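In what follows, a structure is listed as structure tokens, so that the remarks can point back to it.
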Amino acid sequence: MLALTVAAWHESNVLGDVVDNIIESTDYPRSMFHIFLGVYPNDPDTIAVAEDLARRHENVHVIINNLPGPTSKAQNINHVIREIRAYEKKRHWQFASLTIHDSEDVVHPLELRVTNYLLEQHDVLQFPVFPLMEMPRFGNYFRTMTTGTYADEFSENHFSTMVSRYMAGAFVPSAGTGFALSRKALASFGEADVLPSNSLTEDYRLSLTLYEKGMQVYYVLESVPRINDRGKLVWDYVTTRSKFPKTFKTAVRQKTRWIYGITMQSVRFREIFSIKGLHLAGRYSLYRDMKAKVGNLLSMVGYPVLIYFLISLFLPLQPIYPKGSLSWYLSFAVTVMMIQRQLFRSVSIYHVYGMRSVFFACLLPPLFPLRLIWGNIINMVATVHAYRQKITARQTRAKLRTYQKTHRLKAQAQVVVAAPVNTVALNIGSCQTAAPPLPVQQALAGSGGSANSTTTAAKPVAWAKTDHEFLSKPVLRRYQRTLGDTLLEWGFISADNLAYNIKEAQKKNEKLGHYLRRQNLIDEQVLLLALAHVKHIPYVRPYSLSHYNLESLAGLFDEQLLRELLVLPLLHYKQVCMIAVCDDSAEQAKTELEATSGQVIKLAFTTRQAILNGLDRIFGGQNRRSAAEQDLEPLPAGDGQSDLAERLVASGRISCEQAVWFINYIGFEGMSQDQVLEKMGFVISPADSDAATG
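Per this note's numbering, the sequence shown starts with residue 428, numbered consecutively.
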């Protein structure tokens, strides 16, 4: 079982769509992942949206912060983690991991499946982050210039640089979103806060702390095939996508926070050499991150020199660096390195966004691409702002220390005058340092500094968030997996064959699954397995029906109605009933059963033969089969393996859907019932197991 958290402050305009998209698109059992929304008591609009989500989705939970907002993203998530631990104790559950996302993320449908698979080998995962941007063309070139700089930089860093760092065993930083922490990683902090609340880039500092503990962040760069709208095969990266700032001002504000937090707050230059346990690659990666505060300023100096040099090749200008001199060779080497860097960036952008984006990002014009220069200008201005923020922080801390020292001396003088001689020492030792004036507190908080531990009133770092927007539903459908994508991923059909059959099915106005099955390209079981992934409902393997106590459900529904609709009851608890349907079942089966019985119907898939066999078990109706169905083998009677699952459902410990998944995996790879439950994240007492077997 997996957990996700989203910290939200004034996100009522996007939070609902973001969470709905995660639940509707994620290829993972809905009952096996839970989303915890961290909101603030003084943000009623966001609370209203979050509570509406919790009412509509059983796996969404609202965590209201114990402090008014905004605090910081780190404080918000730390509070959510504490509440998740309390929730686990209450439900007797254990989440295998916690994935952190932002409130504007488009989460890839396969992220949780990949997370579940990789947690067996890795404690910390970081998925790539690729910015969302419009298809580039001359008409929107300047309007999307700022967003394009993010796309270029993230492509280079998250497609190549991060992979190289991981392969070299260097420090891999967290991106702050798409970041999964295993139960072991969370437990390593004990009762202490997981994220540092006094950092502007808490994600970077957290990943560095984990690296020092020997937990290397595993960088996940995986892709799956799919067919695009033009019928061509493309590779879809399992990544987090989100919108980034569009304007120069908002980009500078966001990057100022990043540069200040990473290069001036998270680690100091001397710590690169003093941190124990780091090898050369790890120290170099820290140095590479820190040098941005210098490199961002120097990058703009080289452009005028390079332009002058190129012009001097055609015009009789006085050379800055005489040919053959050391300066000339150094300038030539730096120019070659610049071209090499642009080539590497081009390759990354091509793999992530395609050749069109390479042209607008790196070839307009060649050698001096405007988007690259614009990005360097943004980084330079943001670095200047970060230095100014650092200077302000130092000045504020100096004022605070002066204020505290002056107040302490005055307090001690008053004690000496007022107290008896034999109590002076005791009273001096117990003097309390008063809080600084409010302006000093506010300046300290805004600068990213932290007060002395004896100062009780200084505020932590404020959440310097940016405004967000989300994609429309038609655009979101591009990022959702389809039946064809699933069959292609599993290798049941080739890309060319899939593209052809999609067109043929559309011509005949027929569903793709029905068409492929009618053409004998896939069988019923493959179709139902794929549909189960697309529609996010369980698939009940026919052999596992022998574990269900189907006979106990005989009086729940009318036999004739079940046979007409071709559905099979599996589990029932109070007003909830889990039924199995197949590709041939009536489309209105769910609504008709709900209308006639008053039950809340939950769906699962299984084969037609399994449904008929199950109905025969319930009603003893072997003799009522049609002639075509008489040769189907009868299903053996229930073996009682579902007793424990039914008891847990009846006690409210697990849901009907979770019970189906549990029964599915009984005997899988030789695991016992207790081992299956433990693997799923359910903490079961010996009394529960004994009651089921006794």
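C-beta: ideal position from N, C-alpha, C; glycine also.
Quick caveat, the model's predicted, so the values are computed rather than measured.
Identify the residues that DSSP records as bridge partners of Pro652: which are they? Trp662
How is the beta strand (DSSP E) around Arg668 delimited, first residue to last? Thr667 to Ser669
Taking the alpha-carbon positions, what's the Tyr568 to Phe787 distance? 8 angstroms
Would you list the residues sitting across from His941 in a DSSP beta bridge? The partner list for His941 (beta bridge, DSSP) is empty, contrary to what the question assumes.
Excluding the 5 residues flanking Ile449 on each side, which residues of the same chain have their C-beta closer than 6 angstroms to its C-beta? Val534
Less than 8 angstroms between the C-beta atoms of Leu995 and Ile1038, yes or no? yes
Expressed to the nearest angstrom, what Euclidean distance is found between the alpha-carbon atoms of Pro456 and Leu608? 20 angstroms
Can you grab the Cα-Cα spacing for the pair Gly802 / Ser775, in whole Å? 17 angstroms
Under a three-way DSSP split, which group does Lys1029 fall into? strand
Is the beta carbon of Arg1044 sitting closer than 8 angstroms to the one on Leu993? no
How big is the Cα-Cα spacing for Arg920 and Ile949? Going by the sequence as given, residue 920 is Ile instead of Arg. Ile920 and Ile949: Cα-Cα distance of roughly 8 angstroms.
Go ahead and label His461 buried or exposed: buried means 16 or more other beta carbons lie within 10 angstroms of its beta carbon, across all protein chains shown. buried
Can you name the residues that DSSP bridges to Cys1004? His999 and Ile1028
Closest residue to Thr571 among Met560, Phe581, Glu580 and Asp579 (Cα-Cα distance): Met560
Give the DSSP-derived three-state secondary structure of Phe522 in the structure shown. coil
Taking the CB atoms as reference points, tell me whether Asp716 and Thr690 lie closer together than 8 angstroms. yes
For Ser701, count neighbouring C-beta atoms within 10 Å of its own C-beta (all shown protein chains included) and say buried if the count is 16 or more, exposed if not. exposed
Inter-residue Cα distance where the pair is Val621 and Ala501: 8 angstroms
Quick check on Ala878: buried or exposed, where buried means 16 or more other Cβ atoms within 10 Å of its Cβ? Because the pLDDT of Ala878 is 36, which lies under 50, any placement of that residue in the model is unreliable, and the question is left without a value.
Gln868 in three-state terms, based on DSSP: Note that Gln868 has pLDDT 48, beneath the 50 cutoff, so the model's placement of it is unreliable and no number is given.
Extent of the continuous beta strand (DSSP E) run through His461: Phe460 to Val466
Output yes or no for whether 8 angstroms exceeds the beta carbon distance between Asp579 and Ser601. no
Burial state of Ala719 (16 or more Cβ within 10 Å): buried
For a quick check, are the C-beta atoms of Ser458 and Gln987 less than 8 angstroms apart? no
According to DSSP, is Gln548 part of a helix, a strand, or is it coil? coil
Three-state class that DSSP yields for Tyr748 in the structure shown: coil
To which residues does DSSP link Pro558 through a beta bridge? Ser669
Supposed contact pair Met428 and Asp550 - C-beta distance, whole angstroms, cut 8 angstroms: Not quite, the Cβ-Cβ distance comes to about 17 angstroms (not below 8 angstroms), so this is no contact.
Of all the options Ser979, Ile1028 and Gln822, which has the alpha carbon lying nearest to the alpha carbon of Val1003? Ile1028
Inter-residue Cα distance where the pair is Ala845 and Lys832: Because the pLDDT of Ala845 is 49, which lies under 50, any placement of that residue in the model is unreliable, and the question is left without a value.
What is the DSSP secondary structure of Cys858, counted as helix, strand or coil? With a pLDDT of 42 at Cys858, under the threshold of 50, the predicted position of this residue should be treated as unreliable, though the coordinate-derived value follows. The answer is coil: DSSP assigns Cys858 none of H, G, I, E or B.
Measuring CB to CB, does Leu925 end up less than 8 angstroms from Leu915? yes
Alpha carbon to alpha carbon, what distance is there between Phe984 and Phe1046? 11 angstroms
Start-to-end residues for the beta strand (DSSP E) that takes in Phe606: Phe606 to Ser609
Looking at C-alpha atoms only, which residue of Ser726, His585, Thr526 and Ile929 is the closest neighbour of Ala434? Thr526
Cut-off 6 angstroms between Cβ atoms - residues of its own chain near Asp447, not counting five sequence neighbours on either side: none
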